[in-house]
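> Taking my numbering, the leading residue of the sequence shown gets 334, the next gets one more, and so forth.
Every residue, glycine too, gets a C-beta built ideally from N, C-alpha and C.
Bear in mind the structure is a predicted one, so any value in this text is a computation, not a measurement.
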Amino acid sequence: MLSRRDNIGPAIVFLLLMCGGGVASWFLAAPALSEMVRPDYDVTRMVFTYSTLPRLATALIAGAALALSGALFQQVLRNPLADPTTLGVSAGANLALVVTSLFIPELLGAGRDLVALIGSATAAAIVVSLG
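#1: How is Gln385 classed by DSSP in three states: helix, strand or coil?
#2: Can you say whether Thr433 is buried or exposed, counting buried as having 16 or more other CB atoms within 10 angstroms of its CB?
#3: Grouping DSSP H, G and I as helix and E and B as strand, with all else coil, what is Leu420?
#4: Counting beta carbon pairs with one atom in the segment 377-388 and one in the segment 340-351, are three or more of them shorter than 8 Å?
#5: Taking the alpha carbon of Gly465 as the point to measure from, which residue in Leu389, Leu420 and Ala392 has its own alpha carbon closest?
#6: Going by C-alpha distance, which of Val448, Val409, Val356 and Ala363 is nearest Ala429?
#7: When the Cα of Thr455 is compared with those of Leu361, Gly425 and Asp446, which residue comes out closest?
#8: Does DSSP classify Leu414 as helix, strand or coil?
#9: Could you give the C-beta distance for Val422 and Ala457, rounded to a whole number, given that I count them as a contact under 8 Å?
#10: Assign Ser453 to one of two classes, buried (16 or more other C-beta atoms within 10 Å of its C-beta) or exposed (fewer than that).
#11: Closer than 7 Å by C-beta to Ile451: which residues in its own chain qualify, once you throw out the five before and the five after it? Chain order, please.
#12: Once DSSP output is grouped into helix, strand and coil, what is the label at Gly396?
#13: Helix, strand or coil for Pro296 per DSSP?
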């Protein structure tokens, strides 16, 4: 049985990483944000607004989703080493994308994420049925 004191270490590391990432992104974004008050056309501001900020938001969301999926795998399977790469779920998604792009490329127009989801779910079902 874990006590509450065992959970403090990871929480402190998480908070330190979040604070460090926030400070680093603030120092990266502060110069460009100070220039955004000018109404005229500025290439630096346009690149920051339409390229850097969306990439930063996408990276944060994707990282959080990957961390959540790893944590869910570990909790559901009760295995601290379980993650999508060791169970073959990410390989199943990649295989589904490759097979679809080779034999049925029309499906990729509807959405690559749906094809990857079906492939990863199939791989997960195969792994669970084998286990």
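Short version:
#1: Taking the sequence shown and counting its residues from 1, one reaches residue 385 at position 52. Reading off the sequence, residue 385 comes out as Thr, not Gln. In the structure shown, Thr385 sits in a helix (DSSP, three-state: H, G or I).
#2: The residue you call residue 433 lines up with position 100 of the sequence shown. Buried is the call here.
#3: Counting from one through the sequence shown, the residue named residue 420 turns up at place 87. Coil at Leu420, not helix or strand.
#4: no
#5: For residue 465 there is no data in the structure shown, the boundaries of the chain being 334 and 464.
#6: Along the sequence shown, read from residue 1 onward, the residue named residue 429 stands at position 96. Checking every option, the nearest Cα to that of Ala429 belongs to Val448.
#7: Here residue 455 refers to the residue found at position 122 of the sequence shown. Checking every option, the nearest Cα to that of Thr455 belongs to Gly425.
#8: By 1-based counting over the sequence shown, the position of residue 414 is 81. Leu414: coil per DSSP, three-state reduction.
#9: Numbered from 1 along the sequence shown, position 89 holds the residue referred to as residue 422. Numbered from 1 along the sequence shown, position 124 holds the residue referred to as residue 457. 5 Å between Cβ atoms; contact.
#10: Residue numbering aside, residue 453 sits at position 120 when the sequence shown is read from its first letter. It is buried - the Cβ of Ser453 has at least 16 other Cβ atoms within 10 Å.
#11: To locate residue 451, count along the sequence shown from 1; it is residue 118. For Ile451, where only same-chain residues beyond five positions count, the Cβ hits under 7 Å are Ala429.
#12: Start at 1 with the first residue of the sequence shown, and residue 396 comes out as number 63. Reduced to three states, the DSSP call for Gly396 is helix.
#13: Beyond the ends of the chain as shown, which are 334 and 464, falls residue 296; an answer cannot be given.
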